[in-house]
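Taking it in order: structure first as structure tokens, then the write-up.
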Amino acid sequence: MESINLNQSIAKNADFIQHVGEESGQPVQKCYQCGKCTAGCPVAFAMDYTPNQVIRMVQLGMKDELLRSNTIWICASCSTCSTRCPCNVEITHVMETLRIMAGNSGTAPEGKAKYVEIMYNALLGTVERYGRTYEVGLVLQNNLKSKKLFNGADMGLPMLQRGKMKLMPTKVKGAAEVARIFSEVRKMEGGVK
Amino acid sequence: MRYAYYPGCSYHGTGKEYEASTQAVAKKLGMELVEIPDWSCCGATAAHGKSHLLNIALPARNLAIAEGMGLDVTTGCAACYQQLAHANKRMTESQETREQVKKVTGKEYKGTLKVKSLVEAIGTIDPELIKSQVVKPLSKLKVAAYYGCLLVRPPEITGFDDPENPMFMDNMMKLAGAEALDWAHKTECCGASLGVSNLGIAVKLINKILKAVVDSGADCVVVACPFCHLNLDWHQKSVNKQLGTTYEMPVFYFTELLGLAMGISHDELGLKTHFTDTQKVLSLVG
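Respectively, the protein sequence lines represent chains P and D.
The first sequence maps to residues 1314 to 1506 in this note's numbering.
The second sequence maps to residues 76 to 361 in this note's numbering.
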């Protein structure tokens, strides 16, 4: 197994450690590794690093490992960890901060993590265009990008029969205002795709 | 009781029974739900993974419109509620955030509103008023009230009910005459949009919840979120297929069961579009 010099990692990635703390607004340095977050996490079984490991890795400045991990994408943002943390670290916000950093850094997520990013983009793509989520467009885009063409295909007919999915999108009058929100955020933050 | 009402994108789609039953029950309770004109998507459940600013700005457009109406906001969807309540908290706390968001949305929000989930809005109505509308008590029905995540967590954003053992829906079901059971998985996560992106993970989460419902002896699950409903109702079939289980557990919105107890017709409540057969429960209700 590859060894890591922790002193060097902390020194080299001091900016990263500070940035994660500031952007998430969370006192990550307070974590003393009780493990309560991981004990309650419903999706820990599917993660490459558990939530308590992620917080320790932030403290140690392990930027590359974190931005490449699937954990930051698998996290369902259920906030069980945040609610139970004895140090009041909202771990959900730390996960989200790392996910945003990974997305903006061009680190392409792989496997399960990739499917999460594809879903985000498919959903937000319909919102940017129509002002509201367009489910059929979302599913088609999601399946095309994830190369799982028949993902949820068995859902289509029962949904349509029950009138639970509309073939055509609903466009809000203020769709241009919503599109402007996306373009302004892009201008201000640069990296948002 | 007047609210600025935010239906959310699933209101005419996957969550149409929720919308229909919400409107019907609100009418019975004298609750006026004034739809926020030209409301747009709140960004759930994707914007939080793209940009902190986008995640606040998308719901903020709706809060700004609602502020012009001078009414506090309510919404049935737990994910929309979380988005609106989170943005409201961030903007109420910080002038800097309000100004930054205004630059992006082009709309000013002063931060004067409260955001309530529909569970809180109905659950804080005088119990005697709710009881007075109950004409067909659900006395043969045992229910497991499922709250999921975003309705009660994190408590800094939600705060109206206990994050580990919430009781609002249980109490409403009791007012409707049903027996609300004490059970283990009230606030476990259903996986939400992992049902779209990684179904293999989501089915494991859904299975745990359904197993706990069955173990509790409940006749049905009661939910307050279109995403929870989709995962527990539609994906029940996926769980059975992938994990070899044999669940046939009906999943109702709390407003559907309140509506049944209030004698509202099945048609008006939109009861005919569930995926898992509801007949077992409907025959108990009579």
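Each residue gets a CB set at the ideal place from its N, CA and C atoms; glycine is no exception.
Item, Value
"Beta-carbon separation of P/T1393 and P/Y1362 under 7 Å?", "no"
"For D/C303, which of helix, strand or coil comes out of DSSP?", "helix"
"Could you tell me which chain P residues have their CB closer than 8 Å to the CB of D/R136, listed as they occur along the chain?", "G1487, E1490, V1491, I1494"
"Which bits of chain P does D/H123 rub up against, with CB to CB less than 7 Å?", "S1390, E1409"
"I'd like to know whether the C-beta of D/T89 is nearer than 7 Å to at least one C-beta of chain P.", "yes"
"Which bits of chain P does D/A267 rub up against, with CB to CB less than 9 Å?", "A1389, S1390, C1391"
"For P/A1488, collect the residues of the same chain with a Cβ closer than 8 Å to its Cβ; drop the 5 residues on either side in sequence, then sort them by chain order.", "R1442, Y1443, G1444"
"May I ask which residues mark the beginning and end of the beta strand (DSSP E) holding D/L108?", "107-110"
"Which stretch, first to last residue, makes up the beta strand (DSSP E) that contains D/R228?", "Neither: D/R228 is in no beta strand (DSSP E) and is coded neither H nor E."
"Give a yes or no on whether the minimum CB-CB distance between P/A1352 and chain D is below 7 Å.", "no"
"From the beta carbon of P/R1412, is the nearest beta carbon of chain D less than 7 Å away?", "yes"
"Which same chain residues end up closer than 8 Å to P/M1370 when comparing Cβ atoms and leaving out the 5 residues on each side of it in sequence?", "Y1362, E1378, L1379"
"Closest Cβ-Cβ distance between D/L346 and chain P: below 7 Å?", "no"
"Assign D/G88 to one of two classes, buried (16 or more other C-beta atoms within 10 Å of its C-beta) or exposed (fewer than that).", "buried"
"Strictly below 9 Å CB to CB, what residues from chain D border P/V1498?", "K125, S126, L128, L129, A132, V179"
"Thinking C-alpha only, which one of P/M1408, P/G1469, P/C1391 is nearest P/K1376?", "P/M1408"
"D/S115 touches chain P at which residues, Cβ-Cβ below 7 Å?", "G1444, R1445, V1485, G1487, V1491"
"What are the boundary residues of the alpha helix (DSSP H) that P/C1394 is part of?", "1393-1397"
"When we look at the beta-carbon of D/I281 and count the other beta-carbons within 10 Å, is it buried (16 or more) or exposed?", "buried"
"Against chain D, with Cβ distances strictly below 7 Å, would P/T1396 count as a contact?", "yes"
"What would DSSP say about D/F327, mapped onto helix, strand or coil?", "strand"
"Could you work out which residue in D/D308, D/R173, D/D245 is closest to P/M1472 when comparing CA atoms only?", "D/D308"
"P/R1475 touches chain D at which residues, Cβ-Cβ below 7 Å?", "T348"
"Comparing C-alpha positions only, which one of D/K178, D/H310, D/A95, D/P212 sits nearest to D/I131?", "D/K178"
"Which one of D/T353, D/M247, D/H304, D/K312 has the shortest CA to CA distance from D/M337?", "D/M247"
"Could you tell me which chain D residues have their CB closer than 8 Å to the CB of P/S1428, listed as they occur along the chain?", "According to the sequence provided, residue 1428 of chain P is Tyr. The question's Ser does not apply to it. Under the 8 Å cutoff, chain D gives S272, N273."
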